[in-house]
Structures are given as structure tokens and as C-alpha cells.
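**Q** Handing you a structure now.
Numbering (UniProt numbering), first residue to last: 1 to 334.
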């Protein structure tokens, strides 16, 4: 049996309303050099019966009695994947017909990349900032911007992605963690120096819904995201060696401060523009005016933690003006 170019892995649990459209969108690809592993993670609705109707030789259905969760289901599929590239698919999303062919075309153009992503189109959106998030993800167009954005939110819409299987194995695959399993994969890949190429085409319709894990599971919430940020920030040698100064003494900055303190990172202090916060002491360190960024804590890594609209860019600009280099001694964390 010939080895395919791409293995699509699609974990599913109780998605009878959308699984057929998702699978059909993969089987309807313009490029036929792929296999698709659907991992049924203990569905109790009509999902197994819908999947049993298919007779396409490219589709393989794996029963994974559980539920074990999306990370274990995804890894179960990856373990069966025969191709050198693994493309992610979700049970409630739709791949455009040219998706796999275009991913492979771009992979051949960039033989040294570890992964690729495309733009996505939001469908059935519920609002609540999701439109802004999609615009932000779609706007990350270079490997450098993707790498620098990883502490903000996941810089990649996971169902748009394709990753080299050897890179996935190198970083430990999908793991059941206390935060989002997909963001965790990108954290480890980017930490290891993997380059992610962005394709400037919309290749996936990304469905928003009230039952989507990003809305329904606490591992995708802000508390879990903050814990993940701190975990991976503390693994950066310059952060552990030089400590940090946090630009923004609001809820996100305070959460990052607590988390890093718990991990043994020295938080030297906070920078602020809010007059009522300047002069305070938070977690035992001072809050100083952001105008003093060039004077104090000059050895520290600056973390931008201003969550209000436009705040991220203002802090980034201030840090750059004072000689900081994003991705080295400055990171945005929200």
C-alpha cells in the first residue's frame, strides 16, 4: 500500500449534527493523496452510525472507547498516521476543496518548515470577541509574528494546521494538560525553534458554537491560559536568569506575577500609565510610571500585559522605543 502524503486526523465525540459535513469536506478534496483517520472518542449519539455508512478506502474510523478527551484521541490518530504530514480537522468545521493540495504545495516550497497554517473564515459566530480573534489569527502572516504571538493566545487556528509528524514526535505529541492541548503543541513546537508558515488563503470554515471546547471547557479559559503562559515563560532562559518587569498592573498582569512568582521567576516590578496605580506595591514590588522604562529594571524581560483595546500595540511601541527586541527581551502576554 502506497504511503500517502498527508494523514488527516479528526477526533470526534457526539457530533452527529456536523460530522458528515466535516468528513465530506475532506473526502471532496481536489488532491487525493491523503488518508483520513477519524477517532471516535466514545460517542453516544448517532456519530458511529453516520461514520459506518462510508465506504471510501481513504477513510479509516478508529474506535477509542472513553471518553479520553481530545488530546488522547488526537494522539491515538497520530499514532496510526502513515504520512510524513499530519493535518488536523475538527468534527464541526469544513475544509475547502483546495485545502490539502495547497498545504502540500506550500510545504514543498518551504522544506525546512515544521508546520503550516492557513486563514480561516468564521461561520455561525456567536460574537463575544470571536470575530476579533479570527482577524488577529489571520493577520499573523510571518514565522516571526507567529512565534512572538504565542503568549497572547494560540496563534494558529488548529483545524487549519498541518505539522510534520517527525516534529510532532520530537516535541512529545499531543498531551492531556491543564490547558488547551492545541495551544500547548504550538508552545512546545515554537519553543523548540520550529518554523510555522502562514498561507494567505482561507482554507477552512471555522464554526463557532456554545458547545465548542473553547467555550465549554475550563482548560480553554483565562485562568488556564495564564497558567500555561507562566509555565512556558519560566522555561525561557532569559526570563529565569534576568527576571521580568510587567507592563500593566491590571488583572492579567497580577495573574502573571503570581504565576511566575510561584515558579521561582523574579518579578522586579510593574510599569503603569494609570495614575491611581502608580506608587502602589503589588506582590511586594513597586508600580512605577511607564515613562521610567528606560531607567529602571533595564536587565529584565518586559511582559506586555495591557488587555484594553489598543493597549498591546502601545506597550509594544514603548518597549521598542526603549531598545527592547520582541521575542528576546519583550513579549506580549495578552
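Where is the CB? At the ideal position from N, CA and C, for every residue including glycine. Predicted model, so just to flag it, every value in this text is computed and none were measured.
(1) Mind the definition here: the region 274-284 touches the region 223-232 only if three or more C-beta pairs lie below 8 Å; say whether that holds.
(2) Answer yes if the region 40-47 comes into contact with the region 113-120, meaning at least three C-beta pairs across the two stretches below 8 Å, and no otherwise.
(3) Beta carbon of residue 93, beta carbon of residue 182: below 8 Å?
(4) Which residues in the same chain as residue 121 place their Cβ atom closer than 6 Å to its Cβ, once the five residues preceding and following it in sequence are excluded?
(5) Can you give, in chain order, each stretch of the alpha helix (DSSP H) that sits fully within the region 99-158 and has at least 4 residues?
(6) Starting from the C-beta of residue 227, find all residues in its chain whose C-beta is less than 7 Å away, skip the five residues before and the five after it, and write them out in chain order.
(7) May I ask you to list the residues that DSSP assigns as paired with residue 230?
(8) Just to confirm, is the Cβ distance from residue 83 to residue 16 under 8 Å?
(9) Look at the Cβ atom of residue 323, then the Cβ atom of residue 315, and state whether they are nearer than 8 Å.
(10) On the criterion of 16 or more Cβ atoms from any shown chain inside 10 Å, does residue 249 qualify as buried, or is it exposed?
(11) Assuming residue 86 and residue 168 make a contact with CB atoms under 8 Å, what is their CB distance in whole Å?
(12) Given that a residue counts as buried once 16 or more other Cβ atoms are within 10 Å of its Cβ, and exposed if not, what is residue 154?
(13) Give me the residue from 62, 95 and 256 with the minimum Cα distance to residue 223.
(14) Assess contact between the region 187-202 and the region 135-154, defined as three or more Cβ pairs (one per stretch) separated by less than 8 Å. Is contact present?
(15) So the beta strand (DSSP E) residue 272 belongs to, where does it begin and stop?
(16) To test your reading of the DSSP string, which unbroken alpha helix (DSSP H) runs of 4 or more residues are found completely within the region 35-65?
**A** Once the coordinates are examined:
(1) no
(2) no
(3) For this step, residue 93 is matched to residue 93 along the chain shown. For this step, residue 182 is matched to residue 182 along the chain shown. Not in contact: residue 93 and residue 182 (Cβ atoms no closer than 8 Å).
(4) To locate residue 121, count along the chain shown from 1; it is residue 121. So the qualifying residues of the chain are 202 and 205.
(5) 99-109, 130-138 and 143-148
(6) One-based indexing of the chain shown puts residue 227 at position 227. Excluding residues within five positions, the ones whose Cβ falls inside 7 Å are 178, 179 and 259.
(7) The count along the chain shown starts at 1 and reaches residue 230 at position 230. DSSP output for residue 230 lists no bridge partner at all.
(8) On the chain shown, position 83 is the one that residue 83 refers to. On the chain shown, position 16 is the one that residue 16 refers to. No, Cβ-Cβ distance for residue 83 and residue 16 is not below 8 Å.
(9) Stepping through the chain shown from its first residue, residue 323 is reached at position 323. Stepping through the chain shown from its first residue, residue 315 is reached at position 315. No, these two residues do not count as a Cβ contact at 8 Å.
(10) Your numbering for residue 249 matches position 249 in the chain shown. Residue 249 is buried by the Cβ-count criterion.
(11) Translated into the one-based positions of the chain shown, residue 86 becomes position 86. Translated into the one-based positions of the chain shown, residue 168 becomes position 168. Their Cβ separation, rounded to whole angstroms, is 6 Å, which keeps residue 86 and residue 168 in contact under 8 Å.
(12) Looking up residue 154 in the chain shown gives position 154. Residue 154 comes out buried.
(13) In the chain shown, the residue the question calls residue 223 occupies position 223. Taking only the C-alpha atoms, the option nearest residue 223 is 256.
(14) yes
(15) The residue labelled residue 272 in the question sits at position 272 within the chain shown. Where residue 272 is concerned, the enclosing beta strand (DSSP E) stretches over 267-272.
(16) 47-52
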